[in-house]
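To keep things clear, I will list the structure first and then write my remarks on it.
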Amino acid sequence: MNATRIKMYMFILLLVLGACTKDDESLQYPDGFSVNVAQNVELPYAVTSKDEIVFDITISSKADVAIQQAVLRLDDAELQTVSASANEIRLQYTYSVTAKDVGKSLIFLLTVSDSEGKSVDKDFTIYVQSAPADITVTIPEEAPSEVMDDGAVDFIMSVVSENDISYIKTFLDQVEIVALTKEAFDNPKEDDYHFEYHPTVVDADRTLTFTIEIMDVLGNLHRQTYDLFVERSQEADFNAFNDVNIGAQRSAGPGPFFNATTGEVYVTAGAAVKSASIDLIAFFSGSTTAFNITSPTFTNTINIIYNPAAIGEDAMENWAVRNETLIKKITLTREEFDLLVSAAEIEALYTESSVIESETSGGLANNNVMVFKTVAGKYGVLFVKSRSANANTGYLTVDIKVQK
């Protein structure tokens, strides 16, 4: 295989570098149909012509609409179809790799459709190499596991390959760090690879996972990860609450009540005695089929959602305190959210927005953003990362930044 073909195949592969993981993944149709795709058997990123690729996938609906069909294809050829009218289905298929597949990136397409004809797609891309890569990567013991956001990481890792090395690359969040790409070697079978990274304040309070990828001249591939936690060098004037789960009214897991000072989430039982500490409330609207986050003073939340018939003596009408939180739903990208590094910037999002403040966010979907002002005069911003289910039994996963 020549270098041009290798680069072409790898470009295809890297478009979906993170697709072959065992974690659940949410697929969302623009008009509301969404499913969770869980891999019961982890898919490899690379195989040989002697291997089999085992698909064992559980697909569950995140809304009230049932799944009608799931189809697995390769190059437009239908491999397996599961038809049912259910909220959860399982697709199983084993693909036998052949010699004709060597040097290719096999792109399997999963299409899931509902009873209303809406569908969502997911790619699984697996590279076929001639043989298992005989490549060893040794990260030195002195390589740090933590670094300050104003510091740097700089060390040499050893790479040894049975065949000549074609390239060494490093990826962060599936994006190639071009400055670390190496394609010329004094010794093509052994290399002292120089890894260097300078974190920024955007990386603070995060664990970064770098993927070091090596390909030999035969197209065989090896990957190794390196984790690095970035610690904030200066105390921030805001609190960052990451991966907070806030439930809807019938959630059996996370509760619906959020404390913006501590980042705590409360369930409905016992909420009345904590009412003075509650700043935001979540519920799922059946009429708009969307999550909403509201002020504790929002009338519908008090009278319809969390009333005595629903939660008994902890009903909101019995609360001694109902804090007023004002909300604006705004447009903000994930990158812009990550770049917020001061309380003043968070406040400016609210005060400089022309959106009329309200006691409710209105419908929230993935990647939606709202800013808010608590009764204590603290400004915050909330980013919706995902929804476990688009139903009143589900919960939102959000990142929140709030002034101290």
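Residue numbering for the sequence shown is 892 to 1295, as defined by our numbering.
Each residue gets a CB set at the ideal place from its N, CA and C atoms; glycine is no exception.
From a predicted model like this one, the values you see are computed outputs, not experimental measurements.
1. Closest to ASN1209 by CA distance: which of GLY1146, VAL1164, GLY1177, ALA1282 is it?
2. By Cβ distance, which residues of its chain are closer than 6 Å to SER1052, with the 5 residues on each side in sequence left out?
3. Return the residue from the list MET1261, ASP1082, VAL1121 that minimises the CA-CA distance to LYS1276.
4. Rounded to the nearest angstrom, what separates PHE1228 and SER1166 at their Cα positions?
5. Which of the three DSSP states is assigned to ILE1120 in this structure?
6. Grab the span of the beta strand (DSSP E) containing THR1029 for me, first residue to last.
7. From GLU1236 to ASP1045, what distance separates their C-alpha atoms?
8. Between which two residues does the alpha helix (DSSP H) holding GLU1007 run?
9. For LEU1240, which residues from the same chain have a beta carbon less than 8 Å from its beta carbon, with the 5 sequence-adjacent residues on both sides left out?
10. Could you name the residues that DSSP lists as bridge partners for ALA961?
11. Should THR1091 go down as buried or exposed, given a rule of 16 or more other Cβ atoms within 10 Å for buried?
12. So, using beta-carbon positions, are VAL1019 and ASP992 closer together than 9 Å?
13. Whole angstroms are fine: how far does the CA of VAL928 sit from the CA of VAL962?
14. Taking C-alpha atoms, which residue in SER1142, HIS1113, GLN930 lies nearest to PRO1023?
15. Can you check which of these residues, VAL1050, ALA1075, LYS1060, TYR1088, is closest to MET1039 by C-alpha distance?
16. Provide the residue span of the beta strand (DSSP E) that contains ARG1278, from first to last.
17. State the Cα-Cα distance for the pair ASN1136 and THR1029, rounded to the nearest angstrom.
18. Between SER1124 and the rest of its own chain, which residues show a CB-CB distance below 7 Å, the 5 nearest in sequence each way excluded?
19. Can you find the residues in the same chain that come closer than 6 Å, C-beta to C-beta, to GLN983, ignoring five residues on each side of it along the sequence?
20. In this structure, does DSSP put SER1233 in helix, strand or coil?
21. Can you give the Cα-Cα distance for VAL1306 and ASP1064, rounded to whole angstroms?
22. Would GLY1177 be called buried (16 or more neighbouring beta carbons within 10 Å of its own) or exposed?
23. Kindly indicate the opening and closing residues of the beta strand (DSSP E) around ILE1169.
The structure says:
1. Between ASN1209 and the set GLY1146, VAL1164, GLY1177, ALA1282, the nearest pair of CA atoms involves VAL1164.
2. Cβ neighbours of SER1052 beyond the five flanking positions: ILE1026, LYS1080, ASP1107.
3. Distance from the Cα of LYS1276 is smallest, within the candidate group MET1261, ASP1082, VAL1121, for MET1261.
4. Annotation: PHE1228 to SER1166 spans about 29 Å, alpha carbon to alpha carbon.
5. Sequence inspection shows Phe at residue 1120; the Ile mentioned does not correspond to that position. PHE1120: strand per DSSP, three-state reduction.
6. For THR1029, the uninterrupted beta strand (DSSP E) segment begins and ends at 1026-1029.
7. Approximately 32 Å, taken between the alpha carbons.
8. GLU1007 -> no alpha helix (DSSP H), and no H or E assigned at all.
9. So the list reads ILE1221, LEU1223, LEU1231, VAL1262, TYR1270, VAL1272, once near-sequence residues are dropped.
10. Answer is VAL973, VAL1003.
11. That one is exposed.
12. Contact: yes.
13. Distance between the alpha carbons of VAL962 and VAL928 is about 13 Å.
14. Among SER1142, HIS1113, GLN930, the Cα nearest to that of PRO1023 belongs to HIS1113.
15. Of the residues VAL1050, ALA1075, LYS1060, TYR1088, the one whose Cα lies closest to the Cα of MET1039 is TYR1088.
16. Counting along the chain, the beta strand (DSSP E) containing ARG1278 begins and ends at 1270-1278.
17. Roughly 38 Å separates the two Cα atoms.
18. Within the same chain, and ignoring the five residues on either side of SER1124 in sequence, the residues whose Cβ sits closer than 7 Å to its Cβ are MET1039, ASP1040, ASP1041.
19. Excluding residues up to 5 positions away in sequence, ASP947 lie with their Cβ nearer than 6 Å to the Cβ of GLN983 in the same chain.
20. It is coil, neither helix nor strand.
21. Outside the displayed range of the chain (892 to 1295) lies residue 1306, so it cannot be described from this structure.
22. GLY1177 should be labelled exposed.
23. According to the DSSP assignment, ILE1169 belongs to no beta strand (DSSP E), since it is labelled neither H nor E.
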